[in-house]
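What follows is a single structure, written as structure tokens, with notes after it.
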Amino acid sequence: MSNIIDRRKNSKGKSTNNRQKFLRRVEDQIKKAIPDIISQESITDSQSGGKVKVPVKGIDEPSFRHDGQSGKKQIVKPGNDRFNEGDKIPKPEGGGGGGGRGKGSNSPEVTEDEFTVVLSREEFLKYFFDDLALPNMVKKYMESTVTYQMKRTGYTKDSVPSRLNIKSSFQQSLGRQLALKGAFEQKLKLLQAKLVASKNDEDKVALEAEIEKVVKQSKTIPFFEDVDLRYNNFERVPTPVTSAVMFCIMDVSASMGQHEKDIAKRFFTLLYIFLTKQYKEVELVFIRHHTQAKEVNEEEFFHSRESGGTVVAPSLELMQKIMRERYDERWNIYCCQASDGDVWSREDALNCRRLLQGEILSAVQYMAYIEINSGGEGDLWQAYKELRSESNFSMRNIHEVHQIWPVFRELFRKKSEMSEV
6 MSNIIDRRKN SKGKSTNNRQ KFLRRVEDQI KKAIPDIISQ ESITDSQSGG
56 KVKVPVKGID EPSFRHDGQS GKKQIVKPGN DRFNEGDKIP KPEGGGGGGG
106 RGKGSNSPEV TEDEFTVVLS REEFLKYFFD DLALPNMVKK YMESTVTYQM
156 KRTGYTKDSV PSRLNIKSSF QQSLGRQLAL KGAFEQKLKL LQAKLVASKN
206 DEDKVALEAE IEKVVKQSKT IPFFEDVDLR YNNFERVPTP VTSAVMFCIM
256 DVSASMGQHE KDIAKRFFTL LYIFLTKQYK EVELVFIRHH TQAKEVNEEE
306 FFHSRESGGT VVAPSLELMQ KIMRERYDER WNIYCCQASD GDVWSREDAL
356 NCRRLLQGEI LSAVQYMAYI EINSGGEGDL WQAYKELRSE SNFSMRNIHE
406 VHQIWPVFRE LFRKKSEMSE V
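Add 5 to a position in the sequence shown, counting from 1, and you land on the number used in this note's numbering.
So this is what it looks like as structure tokens:
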């Protein structure tokens, strides 16, 4: 009998399977803790992962063990000077064994330690987006992150005439004709040599007839045969969709304080992480506005001290201009607009609605408007109400950090009708 010994070294991620099993056991606690990670920790920590506290009972595995206080046992205790064979030993009074040092708590409340699970970024995103999906998934570019295109993949011998490759077919034909002519010429030389050496008249007649036949065959070689034809072959090849751009539009007027900007920043960050889950690369365009609109970098977008009144329409006009100049129909365009809802005038709010109804909503895959205030519906909210019927537009109100998570889930929740389309 032979023994097989596996001497392969363990891989670096040898405990990956065990960790996945463990996470499945405590995933209920992880899902409950995700909103706390989002609302309490910084944005940087949220992107890199997070820590989840799980009760100890959540990690215990069921096991069988003997009860020392019951059952019949036969044992031998050395140094026994009190009992004889057949005597019954009384059970000890009190609880079971085990113990520790120090005094216990006087609190009647039963508590248990907690076990901290550190989630990686990938694990965090898995649970974070577990029940979310990009809106309008039934659209051409949104059904998945992979599109298909026809690509040349060599040649095939059978196809439609329109795909005939003349050059390759002609080369095959020339090669075949040269090979056949060479074979006929070689055969003619052998026959002519036999004719010269032959002394018998009957053999000479037969050889001359054979030579005449071979000459005719060499002159009637067809220019094209079916074996010569070569057709261009095309296959459906998956192509990853990486061209996604996210427009971040934020009101930085005097009415938008640090609290409102912090909420907007967190929401933009969540949307960005959400898109990177679907696309390999996502470009960001930051547009901030007060009385004027300006494209800026991320640092200036969130930390610039410049402020003023509130005119919103120029920001959408700037977005429209950037879309025309940089992003064609091959790009997947998303937009998130954050504001406190206050505008300079009612006419400005109506202009914003007209801009969205005109070119913007027809070009973007999805647009979300979040209004950050606790004082009711602003003028911009009132103007955007008529756009609620649009399938790629949603609007929600946020006034506290802890509301970011439920609002985000509501905006990007899976639609049951997608599976029916």
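In this text, a Cβ means the ideal position worked out from N, Cα and C, and glycines have one as well.
Predicted model only: the values in this text are computed from it and were never measured.
Per DSSP, the bridge partner or partners of residue i
| i | result |
| --- | --- |
| K156 | E240 |
| V290 | F252 |
| I338 | V250 |
| K299 | R293 |
| Y371 | Y339 |
| R401 | I375 |
| S344 | E376 |
| T225 | According to DSSP, which records beta bridges pairwise, T225 is partnered with nothing at all. |
Cutoff 7 Å; reference residue i; Cβ partners in own chain excluding five residues on either side
| i | result |
| --- | --- |
| F3 | With the chain covering 6 to 426 only, the question about residue 3 has no answer from this structure. |
| L212 | L196, K199, L200, S203 |
| N237 | R157, Y160, R168, N170 |
| F291 | C253, E300, V301, N302, E303, F306 |
| S110 | Only weak support is given to the placement of S110: the predicted model assigns it a pLDDT of 47, under 50, and the question is left unresolved by the model. |
| Y332 | V250, I338 |
| F88 | I94 |
C-alpha gap between residue i and residue j, whole angstroms
| i | j | result |
| --- | --- | --- |
| L276 | I338 | 13 Å |
| S421 | M400 | In this prediction, S421 scores a pLDDT of 38, lower than 50, which makes its location untrustworthy; the coordinate-derived value is nonetheless stated afterwards. Between S421 and M400, the C-alpha separation is close to 20 Å. |
| K224 | R181 | 14 Å |
| A388 | E286 | 34 Å |
| W410 | S260 | 24 Å |
| I365 | C357 | 10 Å |
| F272 | Q325 | 22 Å |
| S75 | Q408 | 55 Å |
| D353 | V412 | 26 Å |
| S350 | N402 | 21 Å |
| L321 | K162 | 55 Å |
| K93 | R70 | 24 Å |
| N23 | L124 | 14 Å |
| K218 | P166 | 35 Å |
| F279 | Q370 | 14 Å |
| R29 | K37 | 14 Å |
| A214 | L193 | 12 Å |
| P83 | G91 | 16 Å |
| D206 | Q191 | 24 Å |
| D267 | I377 | 10 Å |
| T281 | I327 | 21 Å |
| K390 | F398 | 10 Å |
| S164 | L385 | 59 Å |
| Y284 | G363 | 27 Å |
| H295 | V348 | 9 Å |
| D33 | V406 | 23 Å |
| V220 | L183 | 15 Å |
| N85 | K77 | 19 Å |
Nonlocal neighbours in the same chain, by C-beta distance under 6 Å from residue i, ignoring five residues either side
| i | result |
| --- | --- |
| M255 | A269, R293, A343 |
| S248 | R335, W336 |
| L289 | M251 |
| L185 | I226 |
| C340 | F252, V369, M372 |
| I216 | L196 |
| V316 | T296, W349, D353 |
When the options are compared against residue i, the one with the closest alpha-carbon
| i | options | result |
| --- | --- | --- |
| H404 | Q263, M324, Y371, I365 | Q263 |
| Y153 | V242, P166, R70 | V242 |
| F189 | E376, Q222, I278 | Q222 |
| S173 | R235, K218, V219 | R235 |
| E415 | K162, A184, Y374 | Y374 |
| L323 | Q297, Q283, Q191 | Q297 |
| F361 | A214, Q79, R393, E382 | Note that residue 361 is Leu in the sequence shown here, rather than Phe. Ranking A214, Q79, R393, E382 by Cα distance to L361 puts R393 first. |
| P319 | R359, L280, E330 | R359 |
| G383 | G363, G346, D33 | G346 |
| K26 | E128, D231, D208, V165 | E128 |
| V3 | Q176, V369, F279 | Here the chain has residues from 6 to 426 only, and residue 3 is not among them. |
| R329 | G313, A368, R87 | A368 |
| I314 | S258, C340, Q283 | In the sequence as displayed, the identity of residue 314 is Gly instead of Ile. The option with the nearest alpha carbon to G314 is S258. |
| H308 | C340, Y284, E265 | E265 |
Same chain, Cβ closer than 8 Å to residue i, neighbours up to 5 away in sequence not counted
| i | result |
| --- | --- |
| K209 | L200, S203 |
| F239 | M155, K156, R157, T158, R168 |
| E230 | S178, R181 |
Below-9 Å beta-carbon distance, residue i vs any chain E residue
| i | result |
| --- | --- |
| F413 | Considering every chain present, this structure includes no chain E. It has just one protein chain. |
Write down every uninterrupted run of the beta strand (DSSP E) in the stretch 157 to 212 whose length is 3 residues or greater and which is fully enclosed by it, in chain order. none
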